[in-house]
Amino acid sequence: MGEVTKAKLEAIRNLDLSAVENIQRALENLSKLNPRINAFIGPNPDAIAQAEAIDKKLNRGEHVGKLAGLAIGIKSNINVKGLRATCASKTLEDYVSTYDAEVIKRILNEDGIIIGMTNMDEFACGSSGETSAFGATDNPAASGYIPGGSSSGSAAATAASMCDLSLGSDTAGSIRNPASHCGIVGVKPTYGLVPRQGLIDLAMSFDQIGPFAPDVYGAALLLEVIAGFNPNECVMLNVKGVSYSEELGADLKGMRIGTSPKFRELTDPKIMGVIDSAVEKLQDLGAEIIEVKLPHLEKGLPAYYLIMSVEFFSATRKFDGRKYGKRIEDVCGDEVLRRILRGGYISRKEYRGKYYQRALQVRTIIREELIAALEKADVIVGPTVPKLPHKLGTSLTPMEMYAYDYLTAPTNLASICGGVIKAGKVDGIPVGLQVQGKMLGEGEMFRVLRAFEAVS
Amino acid sequence: MKMLIGFEVHQQIATERKMYCDSPTNYQDVPPNTNVCPICTGMPGSKPMPPNERAVNAAIEIALLFGCKVITGEPIYIQRKHYDYPDLPSGYQRTSLPIGINGELQGVRIREVHMEEDPGQYDPTLGTVDYNRSGVPLVEIVTEPDMHSPEEARRFLRQLVRVLEYSGKVRPEAGGAMRTDTNISLEGGGRVEVKNINSVKGAYRAIKFEIIRQKSKLERGESVTRETRAFLESQKITISMRVKELEEDYRYIPDPDIFPLIIDKARVEAIRASMVEPPYLREQRLVEQYGIDSTAASVIVSERELADLFEAVAKEIDPKLAATWFRTKLKKVLNYMKLRAADVKFTPEHIVGLLQMVDDCEITPEQGELVLRQLVKHPNDPRNILQELGLERIKPEELRAAINGVVSANPDAVRDYQAGREEALHFLAGKVMKLTHGRADARKIIELLRTKIMGEK
């Protein structure tokens, strides 16, 4: 398993499949499935023309980039010049990007083709894909259930082959959660590895752009294209020329893999069943399984929601309806408004010490805890989402919705990396195994993901 | 009545690029909204570039010029100050924590020096915003309330602007690049902050107005409430903006998109080693080094380029003579022509040549001034200018001829002088000067006239 992306790239490079044909196939899938799935909310009218240009290069035997001819879906909070970056919100429904995000420049430079903008929870505020102003997205792997969120459209589009690869953004699980529910590979990179220039903020100190792919190779390839230092922004790690796709071994000998009893406490037993057998497989592959302690893990979630709300309040002050779009508070959905009001409230001078500062202290504790655990273990594996996705349209309280993020938010609090791969199914719904790695531990994380993929 | 006055002075740092992006800063020279990019207009998804190093260095230098301790080896956070106004593209302004603290200037304590970014320019009448200025780096200097009269405050502010301009790191005050808030409180009243002042003159007027307003309130037995007021330049009055209870909460948070600044000691020392000598220190040094009086030294250091010129000249010629000329004649000519020393094109050698001729009594000081005026307009060798102006020293026979002519043409005046009326001699001297177009020294004319009329003694 897991050779889809590589096989397609080879077919395109060997002229067995033209880029135009590939794009047309994706567009056929899109027109057939999108009315039901609602994964794309803004197709790129230039996709075929871009594919023709790449075919010309291929036919002339010229050098082509790493992503030559692949159809790539982009979450609607990433700027692609000339396309709408709506954030699936009424606020920005008419906002056409005036510039390319740094990751888009890098994808275009490697001859990837942007096939369109994908649906998402409004301003990435949600874990189900249902808060979009453009309607909810269906789960291609379990119809009638939420695909997860907030990168709902990017995950669903890749799962339904409406595109080859896609980009999402992950602030507390927004890539890993839908990857788990849709049964594909999704990666939240180490904070500071991927440029954020051009990503519309949810919470600046957590947001990272990352890849979705049907296989580990595709995710590794797309990440190595978008990763690396960008001198035109501040908060980046000084990392250049990363390479993951060529280093995907299948062997886990000598690797120490951590699990925590905390995961079992917080997770649906049926899901844990799938995860337990996945861990056994990793052991069979030669890994040493060790136990790590994460005593405060569940405190990460409230800390995250406080810090995120303050940052989101700050980030949305520009949506005042003066320069473009509509004033956010006037047109946004309930969850966006809830976060803005919460952020504005707890950042008031008189409450600083009570909420925001304390949340930052918890963040430090969680970070130290995870980093200490990752000194003992090379990676930590466990479930991605503690419960199964609900049926579309079910009414949840905010706390029930937030509870989806218990196991993914700590990764962002600690600035480390995390990847998800399908481990099995419960009641016909995919369940993802989450592999968390050290800061810049993407190489080890991919190694585990690939080894697991090879035997699934 | 006891009063306390303090300032918060903002001035634009003179860099070519903005604080967090590569857009140029010459916002006044270009059409609206042309020096902009997604970053300084706060387009969705844009992130700041790393802080402009030159601007940070300028702020460090300014902190050092005010004798501040520069914060080294620990994070200096760039904060977001949130408020809602059309000129603010992101809904917050970036402002740093102090770069330097605990300085002093003219006995006034400087609490801190930090950095900010300028917002755009909003025109409430047209409802338009020009973002060309948005993101231009600013330095803010905050004083303690250590001034006790409007005059003292004005003196201090003038000196502060002089030091800033001396550094060469800021845009000149005259161009509207300086904005100041001032706080004024009288004994028994609340502290009032006045915003929207953009010149030294404006600050003086605002303070004067406030003192009268507050004083009369207190005298009537009313209380002076703690509030923020705006200065209306055109009417020279202040009006209330908001009272303390309604003061905005800026919800400061460290900007998650920018690493905090960390300044190391070596960087500070490198800046200190190459920084400009502040005017108050230079004034002292000029007095000691060249033996000139402090009035002249104070005038000379009023502009950095003037002081540079003086020091170049003083190396070649009697510094006291040079100082007198700089304080009186040169400053007078520059003021008259509305020029700054930075604008003049002549060289120190030109001035040295001119003063040499005066010192050797080749020309009179009055002639010297005429040459100087020409020198400022069209720099040239002073001897050539002398010739052009027809001011070469008059030949003795020509002067004698002129004297003979005047004496014989004015027998009445000659008689009066012989009768002991000294003024008559001055009248005759004036006639001679007119005839010789001022080329002869007045003292020499008097002497020759006296000899001519009264005979050799």
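Going down the list, the protein sequences come from chains A and B.
When you read off a place in the first sequence, starting at 1, and then add 215, the result is the number in this note's numbering.
When you read off a place in the second sequence, starting at 1, and then add 8, the result is the number in this note's numbering.
Cβ atoms here follow ideal geometry from the backbone N, Cα and C, with glycine treated the same way.
Worksheet item: Any idea if B/G445 is buried or exposed, counting beta-carbon neighbours within 10 angstroms, 16 or more meaning buried?
Response: Checking the sequence, you will find His at residue 445 of chain B rather than Gly. Exposed, since its Cβ has fewer than 16 Cβ neighbours within 10 Å.
Worksheet entry | Beta-carbon proximity list for A/H396, same chain, < 8 Å, skipping 5 on both sides | Contacts found: N354, A356, A357, Y360, I361, P362, G363, A370, V600, P604, I644, P645, G647.
Worksheet item: Of the choices A/F427, A/P250, A/L512, A/P404, whose alpha-carbon is the least far from that of A/P367?
Response: The sequence shown places Ser at residue 367 of chain A, rather than the Pro named in the question. Closest by alpha carbon: A/F427.
Worksheet entry | As assigned by DSSP and simplified to three states, the class of A/M487 | It is helical.
Discussion item. For the structure I just gave you, are there three or more beta carbon pairs, one from the segment 310-318 of chain B and one from the segment 346-358 of chain B, closer than 8 Å?
Written reply: Short answer: they touch.
Worksheet entry | 9 Å Cβ cutoff, B/Y212 in contact with chain A | So no, B/Y212 is outside the interface.
Worksheet item: Got a sec: which bits of the segment 401-412 of chain A sit with their beta carbon under 9 Å from any beta carbon on chain B, in order along the chain?
Response: P410, R411, Q412
Worksheet item: With DSSP run on the structure shown, which of helix, strand or coil describes B/R312?
Response: Helix.
Fill in: N- and C-terminal bounds of the beta strand (DSSP E) containing A/I631
No beta strand (DSSP E) holds A/I631; DSSP gives it neither H nor E.
Worksheet item: Going along the chain, which residues of its own chain have a beta-carbon closer than 8 Å to the beta-carbon of B/I219, five neighbours each way excluded?
Response: M11, P158, I192, L194
Worksheet item: What whole-angstrom Cβ distance do A/S304 and A/A348 have, given they're in contact under 8 Å?
Response: Right, their Cβ atoms sit about 5 Å apart.
Practice prompt. Could you spell out the range, first to last residue, of the alpha helix (DSSP H) harbouring B/D367?
Written response: In this chain, the alpha helix (DSSP H) harbouring B/D367 covers 356-367.
Fill in: Cβ-Cβ distance between B/Y174 and B/V284 below 9 Å
yes
Item to complete: Measuring alpha carbon to alpha carbon, tell me which of B/D326, B/F334, B/A320, B/A71 ends up nearest B/T303.
Response: B/F334
Item to complete: Return the CA-CA distance between A/L611 and A/V594, expressed in angstroms with no decimal places.
Response: 33 Å
Discussion item. Tell me which residues share the same chain as A/I263 and place their Cβ nearer than 7 Å to its Cβ, disregarding the 5 neighbours each side in the sequence.
Written reply: V235, I238
Worksheet item: Which residues, taken in chain order from the segment 9-37 of chain B, show a beta carbon closer than 7 Å to some beta carbon of chain C?
Response: No chain C appears in the structure shown, which is made up of the protein chains A and B.
Discussion item. I need the straight-line Cα distance from A/R553 to B/P287, nearest angstrom please.
Written reply: About 56 Å.
Practice prompt. Would you list, in chain order, the members of the segment 79-109 of chain B that have their beta-carbon closer than 7 Å to a beta-carbon of chain A?
Written response: Across the segment 79-109 of chain B, CB contacts with chain A closer than 7 Å involve R88, H90, D92, P94, P97, S98, G99, Y100, in sequence order along the chain.
Fill in: Status (buried if at least 16 other CB within 10 Å, exposed otherwise) for B/G361
buried
Discussion item. Against chain A, with Cβ distances strictly below 9 Å, would B/R312 count as a contact?
Written reply: no
Worksheet item: Distance, Cα to Cα, A/V450 vs B/L269?
Response: 12 Å
Fill in: Rounded Cβ spacing between B/K460 and B/I411 (contact assumed at less than 8 Å)
6 Å
Worksheet entry | A/V431 to A/R665 span [Cα, whole Å] | 6 Å
Discussion item. Can you check whether the C-beta of B/V137 is within less than 9 Å of a C-beta belonging to chain A?
Written reply: yes
Practice prompt. Would you please verify whether the beta carbon of A/D416 is less than 9 Å from any beta carbon of chain B?
Written response: yes
Discussion item. Counting only Cβ-Cβ distances shorter than 9 Å, please list the residues of the segment 35-62 of chain B near chain A, keeping chain order.
Written reply: C45, P46, I47, T49, G50, M51, P52, G53, S54, K55, P56, M57, P58, P59
Fill in: Runs of alpha helix (DSSP H) lying entirely within the segment 383-416 of chain B, each at least 4 residues, in chain order
390-396
Worksheet item: Would DSSP call A/G478 helix, strand or coil?
Response: The sequence shown places Phe at residue 478 of chain A, not Gly. The answer is helix: DSSP assigns A/F478 an H, G or I state.
Worksheet item: Can you check whether the CB of A/F528 is closer than 9 Å to the CB of A/G559?
Response: In contact: A/G559 and A/F528 (Cβ atoms closer than 9 Å).
Practice prompt. Can you tell me which of A/L414, A/Y520, A/L497, A/I289 puts its alpha carbon nearest to the alpha carbon of A/V663?
Written response: A/L497
Worksheet item: With 16 as the cutoff for other CB atoms within 10 Å, does A/C632 come out buried or exposed?
Response: buried
Worksheet item: Just by C-beta distance, which residues in the segment 241-272 of chain B are closer than 7 Å to chain A?
Response: Cβ contacts with chain A: D257, R259, I261, P264, D265, I266, F267.
Practice prompt. With 8 Å as the limit, tell me which residues of the segment 555-569 of chain A have their beta carbon closer than that to any beta carbon of chain B; keep them in chain order.
Written response: G559, S562, R563, K564
Worksheet item: Residues in its own chain within less than 8 Å of A/T220 by CB, not counting five upstream and five downstream?
Response: L285, D379, L380, A428, P429, D430, Y432, G433, L436
Worksheet entry | DSSP state of A/P393 mapped onto helix, strand, coil | helix
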